[in-house]
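Data block below; observations after.
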């Protein structure tokens with residue numbers, strides 16, 4: 210599990226232009242950032258691109274870091290980068306035909322059962338369940354996603370109920 214105090218210390222070092230600190234931060238957070246980007250993009254290539262751009266943004270935005278929750282701050286940057294990607298890809302989609310993308314959970318889990326279950330969740334439900342499974346609290350998820358904490362809790366519980374019902378053999382649509 211990622212230590213938030215260690216992340217804060219790394220960001221403070223980045224504020225002093227310490228490139229080694231950025232490398233260490235990348236090693237600590239790359240999987241979480243990549244996984245979140247993959248939820249939005251459903252493409253390994255695009256998720257990788259967003260992950261790289263997230264850490265470039267962390268470097269340039271480090272002076273604005275308030276010193277509060279470092280993990281949430283980084284994941285909020287990743288989420289915003291993902292949303293920017295969605296907006297720009299919608300513009301590109303108007304010009305291109307829809308190209309089938311890879312399954313968004315291909316890299317997250319090898320389990321075909323889990324992938325099949327997650328297909329029944331809405332994007333925001335997948336995002337919340339994924340973040341919770343990575344150790345984020347409901348309050349942190351609320352901060353990152355910009356949703357009220359009770360809404361995050363409700364959506365998380367609703368997603369779990371939906372997954373339980375589906376895995377029990379009942380159809381949900």
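In this note's numbering, the protein residues as written are 210 to 382. By construction, the Cβ of each residue, glycine as well, lies at the ideal position given by its N, Cα and C atoms. Small disclaimer: the values here were computed from a predicted structure and weren't measured.
Other residues of its chain near residue i: CB distance less than 6 Å, five sequence neighbours each side excluded
i: residue 291; result: 246, 249, 259
i: residue 349; result: 281
Alpha carbon of residue i to alpha carbon of residue j, nearest angstrom
i: residue 223; j: residue 376; result: 45 Å
i: residue 326; j: residue 347; result: 22 Å
i: residue 366; j: residue 357; result: 14 Å
i: residue 342; j: residue 264; result: 22 Å
i: residue 217; j: residue 238; result: 12 Å
i: residue 328; j: residue 353; result: 23 Å
i: residue 232; j: residue 293; result: 24 Å
i: residue 274; j: residue 368; result: 32 Å
i: residue 230; j: residue 277; result: 18 Å
i: residue 334; j: residue 355; result: 14 Å
i: residue 285; j: residue 227; result: 22 Å
Endpoints, the alpha helix (DSSP H) within which residue i is located
i: residue 357; result: No alpha helix (DSSP H) contains residue 357, which DSSP labels as neither H nor E.
i: residue 241; result: 228 to 250
i: residue 217; result: 213 to 224
i: residue 345; result: Here residue 345 belongs to no alpha helix (DSSP H), and DSSP marks it neither H nor E.
i: residue 275; result: Unbroken run through residue 275: none, as it is neither H nor E.
i: residue 330; result: Segment: none, residue 330 is in no alpha helix (DSSP H) and carries neither H nor E.
Counted within 10 angstroms of its Cβ, other Cβ atoms place residue i as buried (16 or more) or exposed
i: residue 332; result: exposed
i: residue 214; result: exposed
i: residue 283; result: buried
i: residue 295; result: exposed
i: residue 244; result: buried
i: residue 315; result: Reliability fails at residue 315, whose pLDDT of 44 lies under 50, so the model's placement of it is uncertain and the value that follows must be treated cautiously. Per the 10 Å Cβ criterion, exposed.
Contact set for residue i: own chain, Cβ-Cβ below 7 Å, skip 5 residues either direction
i: residue 272; result: 224
i: residue 262; result: 290
Proximal residues to residue i (C-beta, below 8 Å), its chain only, five neighbours per side dropped
i: residue 211; result: 237, 238, 241, 280, 344
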